[in-house]
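Here the protein sequences come in this chain order: A and B. The opening position of the first sequence corresponds to residue 1 in this note's numbering, with each subsequent residue numbered one higher. The opening position of the second sequence corresponds to residue 362 in this note's numbering, with each subsequent residue numbered one higher. Beta carbons are placed, not taken as given, at the ideal position from N, Cα and C, and that holds for glycine. Working notes, structure below.
Protein chains: 2
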Amino acid sequence: MGTISLLPPPNLTLMASLTTSAAQRRRAGRKPTIHDVAEAAGVSKSAVSLAIRNQRGVSEATREHILQVAQELGYRSNVWARSLVQGRTGLIGILLQDLGNSYHRDVTAGVEDAAVQNNLRLVIGHGRRDAKRLQAELDSLLALGVEGVVIVSSWVPPHYLEKVGKRVPLVVVGRLPYRVPGVDTVANRDEEGAKQAVQHLIGLGHARMAHLTGSSRPAAMHRRAAFSEMMRRMLPDVDPQVEGPEQLEAAIKYLVFQIQQEKGAPTAVFTQNDRVAADLVGACLDAGLRLPGQLSIVGYDNSSVCRMLRPQLTSVDQPRARMGELALEMLSERIAGRAEDRHITIAPKLVVRESTTTPRD
Amino acid sequence: MGTISLLPPPNLTLMASLTTSAAQRRRAGRKPTIHDVAEAAGVSKSAVSLAIRNQRGVSEATREHILQVAQELGYRSNVWARSLVQGRTGLIGILLQDLGNSYHRDVTAGVEDAAVQNNLRLVIGHGRRDAKRLQAELDSLLALGVEGVVIVSSWVPPHYLEKVGKRVPLVVVGRLPYRVPGVDTVANRDEEGAKQAVQHLIGLGHARMAHLTGSSRPAAMHRRAAFSEMMRRMLPDVDPQVEGPEQLEAAIKYLVFQIQQEKGAPTAVFTQNDRVAADLVGACLDAGLRLPGQLSIVGYDNSSVCRMLRPQLTSVDQPRARMGELALEMLSERIAGRAEDRHITIAPKLVVRESTTTPRD
DNA sequence: AGATTGTTGTGGAACGTTCCACGACTGTTT
DNA sequence: AAACAGTCGTGGAACGTTCCACAACAATCT
């Protein structure tokens, strides 16, 4: 602590005339601006502006010259200044509830592709499966000035969605608890997916079936309800077993126990999603059950784990990339001014793999 | 605490000549600005600016009043205007090569947490496992004005890294082909992970071991080299089998075939990562092999699939969140001015599960 | 020749904020 | 009473860009 900082006098060189201003700026280590380019190229800043945006108003010769000078100086236009004056940013946000999840990855890929088409830049927000964080992240996106947001989560509270939806266009990928005015949605028809799963199982000869769910979010509830409805219609004599979402783990254990006892246990299970299915597969194998011999299992999402598990998982596929594309298209319509709400649903499709077979005799 | 200061309304309703301008702006559908708030609160824009930034220069009473008016108007400060004048954005980017991957998710979570601490906002870029796209995405982040970038990928070409690194601080999470001047790195010690894996297997009694790799990226190459080195040191008489990265699928098939033939086949495999391990597990099970009885398998990454597979996968864990935190800390040091390069390595740790056991006799 | 129409280019005024120098007022010290 | 220091607040000048009205000049039409 002995040394005292001898402050080097800031040497105010008086800025004698203002001629050197641009040069000084550059010397100060700042990034080159449009003024620097203009000065170096011997034209006005307006000319540079036109040139770099490829607008008419400058001759081809000067444009080339300007571009070359800009290149030499390493000039890059300042997006902030531009969007400040233009009043638009060309940014759109996508709010994910969970990175590290192939469903979200594929939806995002679809949104990305469509964004490129629409000349929009994508900013990803990461909510981490937590309503508070999702809200904070959404705020963050808004503060960045996105012109619209695609939300891939059903965890953002609807009243918050409604509030935000008034300030900026919002499209939700997935089911909401109820329709929120001003907010568009794109979702797969969970009922149809559940129906296909049940029909597939019935087609294989199954009758005693169970549904296993780990969530009471809207999508899960629709699958569950559709399962019950289908069973009532197709197999009115059978009492379908529906378990969860609380105590899912215990439900899985009990199911395995039932099968080991052989007394009227389900021969097939339709699960709410692949994660639950994977847990079930694990529990069955740990208990020494033969799969799919002793139990047929259908998942939902057709995620990347389906092909990793043994037996490979039969699962309902949602056209994820397409849903992402649709979401972005709806969003850009909104940004362009559409006022009425739209709700698109899209058909899912069962992908049959190894985890389903005819019931044990 | 009892006394409440009834704010004497500042009521400077003069400004006669300029009265309608702000109101007009608001009517035009634009978002409210600092001027609107100032007008509505009867103070100057400077006062509003101070109030919302919680700076001293306004009394507590007026600050509260201003904040309330701002709240009512739904005012949100415009980040670009701010960063335009301040010359900094408070944004940092993170470039991921693959959403939908638990490794990346966890690293990102670490970066996020540290970013909050450092009062920086995170922007996620998504490269999709493709050098071209990664570059485009990195450009995109730079255009947004990030002050630094954390890159979670080894796919960005080093020469490009070097070029970009001159304009903005860069930290790479993971191994690079070689040290790039100006670019910091944080990585796990792959050699140590490989060593732990081999030691674990030797401890179980294995001697004939193989390594299976699906990549020639630096991290993979280090694991592979360390595997060979360990084998040479610990079991000089055994010829270790190293397969891949090309024709990985064929190598897996051949390995399974060897084991079925029983003649001097490996009894354990250390794989480059969990994905390869999962493929191997699947192939073994499909061929009817008993796992881990006929083959012990060790993965790398301790990703979420480890617990989904049966047998559950023994795998080398990298402290992913911690690596993310470190990356962000290094980045903010750089932004603050550190000039010399730093390279941090961190110890991985083997997590033993079900996929490893004593060799078949 | 004069009027009309393009083309190429210019300087100043936004955009919404922060920063800075300074003013008005209220106490406190000489 | 004068001088000083603090607090609270103000208006104007940036920041880097685009937009707009208009100027200079050339080419074309009456």
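(request) Taking only beta carbons into account, state which residues of the region 79–103 of chain A come closer than 7 angstroms to chain B, listed in chain order. (result) Val79, Trp80, Ala81, Ser83, Leu84, Leu99, Gly100, Asn101, Ser102
(request) Report the neighbours of Met323/A on chain B: residues whose CB is nearer than 9 angstroms to its CB, in chain order. (result) Chain B residues near Met323/A: none, gap ~15 angstroms exceeds 9 angstroms.
(request) Report the neighbours of Thr108/A on chain B: residues whose CB is nearer than 7 angstroms to its CB, in chain order. (result) Leu460, His487
(request) Round the Cβ separation of Val617/B and Leu650/B to the nearest angstrom and send it over; I've been treating them as touching at under 8 angstroms. (result) 7 angstroms
(message) Taking a contact to mean a Cβ-Cβ separation below 8 angstroms, would you say Ser304/A touches Ser102/A in this structure?
(response) yes
(request) Indicate whether the contact test is met: 3 or more Cβ pairs, each with one atom in the region 198–209 of chain A and one in the region 347–358 of chain A, closer than 8 angstroms. (result) yes
(message) Measuring only the C-alpha atoms, how far is Ile455/B from Val510/B?
(response) 5 angstroms
(request) Please confirm if the region 228–238 of chain A is in contact with the region 206–215 of chain A, defined as three or more CB-CB distances below 8 angstroms between the two stretches. (result) yes
(request) Just the C-alpha distance for Val281/A and Cys645/B, rounded to the nearest angstrom, thanks. (result) 18 angstroms
(message) Excluding the 5 residues flanking Asp640/B on each side, which residues of the same chain have their C-beta closer than 7 angstroms to its C-beta?
(response) Ile613
(request) For the beta strand (DSSP E) containing Asp491/B, list its first residue and its last residue. (result) Premise fails: Asp491/B is in no beta strand (DSSP E) and is neither H nor E.
(message) Measuring straight from C-alpha to C-alpha, what distance separates Gln458/B and Ser693/B?
(response) 22 angstroms
(message) So, with DSSP's three-state summary, where would you put Ala287/A?
(response) coil
(message) If we require 4 or more residues per run, which alpha helix (DSSP H) segments fall completely within the region 309–341 of chain A?
(response) 320–336
(message) In the DSSP output, what is Ala571/B paired with across the bridge?
(response) Gln602/B, Val630/B
(request) Let me know if Val484/B comes out buried or exposed under the rule of 16 or more other beta-carbons within 10 Å of its beta-carbon. (result) buried
(message) Rounded to whole angstroms, what is the Cα-Cα separation between Leu502/B and Arg128/A?
(response) 22 angstroms
(request) Go ahead and label Ala389/B buried or exposed: buried means 16 or more other beta carbons lie within 10 angstroms of its beta carbon, across all protein chains shown. (result) With a pLDDT of only 48 at Ala389/B, under the threshold of 50, the placement of this residue in the model should not be trusted; the figure read from the coordinates follows. Exposed, by the Cβ-count rule.
(request) Check each residue of the region 216–240 of chain A: if its Cβ is closer than 7 angstroms to any Cβ of chain B, include it; give the result in chain order. (result) none
(request) For Arg342/A, collect the residues of the same chain with a Cβ closer than 7 angstroms to its Cβ; drop the 5 residues on either side in sequence, then sort them by chain order. (result) Asp184, Met330
(request) For my contact list, His126/A and Glu137/A are in at a C-beta cut-off of 8 angstroms; report their separation, rounded to the angstrom. (result) 6 angstroms
(request) Find out if the Cβ-Cβ distance for the pair Gly471/B, Gly685/B is shorter than 8 angstroms. (result) yes
(request) Could you pull out every residue in the same chain whose Cβ sits closer than 7 angstroms to the Cβ of Leu505/B, ignoring the five residues on either side in sequence? (result) Leu452, Val484
(request) Have a look at Gly605/B and Gly435/B and give me their C-alpha separation to the nearest angstrom. (result) 59 angstroms
(request) Would you check if the distance between the CB atom of Arg528/B and the CB atom of His583/B is smaller than 8 angstroms? (result) no
(message) Val37/A and Val69/A - do their beta-carbons sit closer together than 8 angstroms?
(response) yes
(request) Taking C-beta pairs closer than 8 angstroms, name the residues in chain A that Leu537/B reaches, listed in chain order. (result) Chain A residues near Leu537/B: none, gap ~23 angstroms exceeds 8 angstroms.
(message) In whole angstroms, give me the CA-to-CA distance for Gly337/A and Pro169/A.
(response) 9 angstroms
(request) Please decide whether Val305/A counts as near chain B, where near means a Cβ-Cβ distance under 8 angstroms. (result) yes
(request) List the whole-angstrom C-beta distance separating Val276/A from Gln196/A, where the pair is believed to meet the contact cut-off of C-beta under 8 angstroms. (result) About 18 angstroms; that fails the 8 angstroms criterion.
(request) Give me the Cβ distance between Thr358/A and Gly205/A, rounded to the nearest whole Å; I'm assuming they're in contact under 8 angstroms. (result) 5 angstroms
(request) Output yes if chain B places a C-beta closer than 8 angstroms to the C-beta of Val123/A; else output no. (result) yes
(request) Look up Asp459/B in the DSSP assignment and say whether it is helix, strand or coil. (result) coil
(request) With DSSP as the reference, label Ser407/B as helix, strand or coil. (result) helix
(message) Cutting at 6 angstroms between CB atoms, please list the residues of its own chain near Trp155/A, excluding the five before and the five after it.
(response) Gln97, Ala131, Leu134
(request) Output the distance between the C-alpha atoms of Pro311/A and Leu291/A, rounded to the nearest integer angstrom. (result) 7 angstroms
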